[in-house]
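Scroll down for the structure; my scribbles are underneath it.
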Amino acid sequence: MTVQELKLKLDNKETIQILDVREKDEFLFANIGGTHLALSELAQRYQELDTEKSWVVLCHHGMRSAQAVAFLRNLGFLDVQNIAGGIEAWSLQIDMKVPRY
Numbered sequence: 837m838t839v840q841e842l843k844l845k846l847d848n849k850e851t852i853q854i855l856d857v858r859e860k861d862e863f864l865f866a867n868i869g870g871t872h873l874a875l876s877e878l879a880q881r882y883q884e885l886d887t888e889k890s891w892v893v894l895c896h897h898g899m900r901s902a903q904a905v906a907f908l909r910n911l912g913f914l915d916v917q918n919i920a921g922g923i924e925a926w927s928l929q930i931d932m933k934v935p936r937y
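Take the sequence shown: its letter number 81 is residue 917 in my numbering, and every next letter is one higher.
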């Protein structure tokens, strides 16, 4: 999913959950809300996530989130998508107030 598609879903108030899999310091520096659960903790804490909800997964550039999406799909999550370009793309294309790093 592109950041433009995510923005449209959020603007349309679609029921979608954002999962940010960056490390805590990255999330605290710049985020667009949602649930924070670092990829490094996902294998131990994935049970905290509802498998029935629609999830979009975000990281810095889209690599860690792609790993998280594959992991969650293997666990039976039915609706989970990667945000291409991550928060970097969001900052460049959607909201320039979100800090870049």
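All C-beta atoms, glycine included, are put in the ideal place defined by N, C-alpha and C.
Can you pull the DSSP bridge partners for residue i?
| i | result |
| --- | --- |
| S890 | D915 |
| I854 | V892 |
| G871 | According to the sequence provided, residue 871 is Thr. The question's Gly does not apply to it. Partner(s): L855. |
Which word fits residue i, buried or exposed, when buried means at least 16 other C-beta atoms lie within 10 angstroms of its C-beta?
| i | result |
| --- | --- |
| G912 | exposed |
Compute the Euclidean distance between the alpha carbons of residue i and residue j, then round it to the nearest angstrom.
| i | j | result |
| --- | --- | --- |
| V905 | G921 | 14 Å |
| R881 | R936 | 28 Å |
| K860 | V893 | 15 Å |
| I868 | A879 | 23 Å |
| I919 | Q840 | 10 Å |
| W926 | R900 | 16 Å |
| A874 | R909 | 17 Å |
| R858 | N848 | 26 Å |
| L914 | M837 | 15 Å |
Suppose the cutoff is 6 Å on Cβ atoms and the five residues either side in sequence are ignored; what does the same chain contact list for residue i look like?
| i | result |
| --- | --- |
| G863 | Sequence inspection shows Phe at residue 863; the Gly mentioned does not correspond to that position. The residues are D856, H872. |
| Q853 | K889, W891 |
| Q917 | M837, V892 |
I'd like to know if the stretch 919-931 and the stretch 871-888 are in contact, where contact means that at least 3 CB-CB pairs between them fall below 8 Å. no
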